[in-house]
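Undergrad: Once you know that position 20 of the sequence shown is 76 in our numbering, the rest is easy, because the numbers rise by one and skip nothing.
Every residue gets a Cβ at the ideal spot worked out from N, C-alpha and C, and that includes glycine.
Sending over a structure as structure tokens; questions will come in a sec.
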Amino acid sequence: MNGSTEKLLLVLGGAVLGSLGVLAFSKNSGNLRPTLTKLTADALDLRDKAVGTIQRTKEDVSDFIAEVDHARNAKAEQQAEPQTEQPAAKA
57 MNGSTEKLLL VLGGAVLGSL GVLAFSKNSG NLRPTLTKLT ADALDLRDKA VGTIQRTKED
117 VSDFIAEVDH ARNAKAEQQA EPQTEQPAAK A
């Protein structure tokens, strides 16, 4: 199968599943609605927690990189200082 056939089959499969979902939802909406509402709320809470964790991790990595850059610059300055303060050789 080529790429366009696969995409067409995926679209048709999604349409069939969506239609079945609409039928199931309309017939059992009294029983299904509270469950879906709770599931959606839990999914949003999980997303918020994941976003918070990712932001904290990004901040920690950024702090770590800044510390590494500072340490590297300090080391480079230490190595550069002895070379500039060498006394002139006597002839």
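May I have the straight-line CA-CA distance separating LEU68 from SER82, to the nearest angstrom?
TA: Taking the straight line joining both Cα atoms gives about 21 Å.
Undergrad: In angstroms with no decimal places, state the Cα-to-Cα distance between LYS114 and HIS126.
TA: In this structure, the straight-line span from the alpha carbon of LYS114 to that of HIS126 is close to 18 Å.
Undergrad: My parser needs the alpha helix (DSSP H) runs of 4 or more residues fully inside the stretch 90–133; what are they?
TA: Those alpha helix (DSSP H) runs which fall completely within the stretch 90–133 and span 4+ residues do not exist here.
Undergrad: Can you tell me the Cα-Cα spacing of ARG103 and ALA132, whole angstroms?
TA: 43 Å
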